[in-house]
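Novice: Sharing a structure below in structure tokens format, with a few things to ask.
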Amino acid sequence: GAVVSQHPSRVICKSGTSVKIECRSLDFQATTMFWYRQFPKQSLMLMATSNEGSKATYEQGVEKDKFLINHASLTLSTLTVTSAHPEDSSFYICSAPDSGRGTDTQYFGPGTRLTVL
Amino acid sequence: SQQGEEDPQALSIQEGENATMNCSYKTSINNLQWYRQNSGRGLVHLILIRSNEREKHSGRLRVTLDTSKKSSSLLITASRAADTASYFCATDHSGNTPLVFGKGTRLSVIA
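If you read the sequences in order, they're chains A and B.
Everything in the first sequence is counted per the numbering used here, starting at 27 for the first residue and increasing by one.
Everything in the second sequence is counted per the numbering used here, starting at 325 for the first residue and increasing by one.
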């Protein structure tokens with residue numbers, strides 16, 4: 027089956043630093059990728075939709091200048107948390123639909139756990 | 325925003341018993357999917373049911389969908405301790421739209 031990877035799987039950083047998270051589709055092209063955030067004991071909430079070749083679209087309440095998204099190629103989207111603060115500590119998960127297969131399944135990355143000290 | 329609710333929020337059962345989790349949603353959907361998530365881990369896709377389907381089976385899993393009530397249920401039969409996890413339903417409007425997740429049910433299966 028299709029595989030989506032994320033890197034890093036876990037990151038700890040100091041408050042005020044920036045952290046980049048990569049999401050890659052390993053065996054298919056993804057013109058669209060989705061970024062979700064999950065706080066402890068809560069569900070996944072959509073943050074933004076990453077579009078190859080165009081600007082990302084953000085959900086209400088998500089600061090686009092704080093969470094920079096770059097869909098650099100058909101297999102890579104990056105999420106940069108700028109000037110991270112402890113309240114940004116969360117589990118970040120990306121997903122990508124494989125429209126080329128003609129199925130409706132979306133493939134999720136394994137997630138990145140961000141801890142901001 | 326989250327589309328729906330799941331109940332119960334938490335469920336604790338003995339190994340061997342059946343576990344039933346329910347999910348409700350608010351708008352029309354294309355598909356409804358169920359995922360499992362072990363603590364601190366990523367999502368595991370369990371089953372997808374399309375809006376024109378009413379029931380689907382996969383191993384010990386049975387999913388029903390009632391579009392008139394905008395609800396779905398996940399039944400896990402003969403539960404095992406390894407089934408302990410959080411279970412989420414998620415809906416979409418098409419294959420290329422983001423998934424909207426329910427709040428999830430935390431299932432504990434006691435050996």
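Where is the CB? At the ideal position from N, CA and C, for every residue including glycine.
Since the structure is predicted, the reported quantities are computational estimates derived from the model, not experimental observations.
#1: Are the CB atoms of B:T388 and B:S397 nearer to each other than 8 angstroms?
#2: Residues of chain B with CB closer than 8 angstroms to the CB of A:G135, please, in chain order.
#3: From which residue to which residue does the beta strand (DSSP E) around B:I373 run?
#4: Could you check the C-alpha separation between A:Q32 and A:K46 for me, to the nearest Å?
#5: Spatial neighbours of B:S325 within its chain, please: CB distance less than 6 angstroms, with the 5 preceding and 5 following residues excluded, ordered by chain position.
#6: Exposed or buried, what is B:A402 when buried is set at 16 or more other beta-carbons lying within 10 Å of its beta-carbon?
#7: Within 10 angstroms of its Cβ, does B:D416 collect 16 or more other Cβ (buried), or is it exposed?
#8: If we ignore side chains and look at the alpha-carbon of each, how far apart do B:T344 and B:S336 end up?
#9: Mark A:S121 as exposed unless 16 or more other C-beta atoms lie within 10 angstroms of its C-beta, in which case mark it buried.
#10: Could you please tell me which residues of the segment 423–434 of chain B, in chain order, have their CB closer than 9 angstroms to any CB of chain A?
#11: Would you mind sorting B:V368 into buried or exposed? The rule is 16 or more other CB atoms within 10 Å of its CB.
#12: Would you say B:H417 lies against chain E (beta-carbon separation less than 8 angstroms)?
#13: Under 8 angstroms, do B:Q333 and B:R430 count as touching if we go by C-beta distance?
Specialist: Let's see:
#1: What you label residue 388 of chain B is simply residue 64 of the second sequence in a count that begins at 1. What you label residue 397 of chain B is simply residue 73 of the second sequence in a count that begins at 1. Yes, these two residues count as a Cβ contact at 8 angstroms.
#2: Walking along the first sequence from the start, residue 135 of chain A turns up at place 109. The contacting residues are G366.
#3: Translated into positions along the second sequence, residue 373 of chain B becomes position 49. Element bounds for B:I373: 367–374.
#4: Translated into the one-based positions of the first sequence, residue 32 of chain A becomes position 6. Translated into the one-based positions of the first sequence, residue 46 of chain A becomes position 20. Straight through space, the alpha carbons of A:K46 and A:Q32 are spaced by roughly 11 angstroms.
#5: To locate residue 325 of chain B, count along the second sequence from 1; it is residue 1. Here the model assigns B:S325 a pLDDT of 46, short of 50, so the residue's position is not dependable, and the following value carries that caveat. Closer than 6 angstroms at the Cβ level, and outside the excluded window around B:S325, lies no residue.
#6: Locating residue 402 of chain B in the second sequence gives position 78, counting from the first residue. Taking all protein chains shown into account, B:A402 has fewer than 16 neighbouring C-beta atoms within 10 Å of its C-beta and is therefore exposed.
#7: Taking the second sequence and counting its residues from 1, one reaches residue 416 of chain B at position 92. By the neighbour-count rule (16 or more Cβ atoms within 10 Å), B:D416 is buried.
#8: By 1-based counting over the second sequence, the position of residue 344 of chain B is 20. By 1-based counting over the second sequence, the position of residue 336 of chain B is 12. So the alpha carbons of these two residues sit roughly 11 angstroms apart.
#9: Here residue 121 of chain A corresponds to residue number 95 of the first sequence, with the count starting at 1. Burial call: buried.
#10: Listed by position along the chain: L423, V424, F425, G426, K427, G428, R430.
#11: Numbered from its first residue, the second sequence carries residue 368 of chain B at position 44. Exposed, by the Cβ-count rule.
#12: The structure shown has no chain E; the protein chains it does contain are A and B.
#13: Along the second sequence, one-based indexing puts residue 333 of chain B at 9. Along the second sequence, one-based indexing puts residue 430 of chain B at 106. Yes, the Cβ-Cβ distance between B:Q333 and B:R430 is below 8 angstroms.
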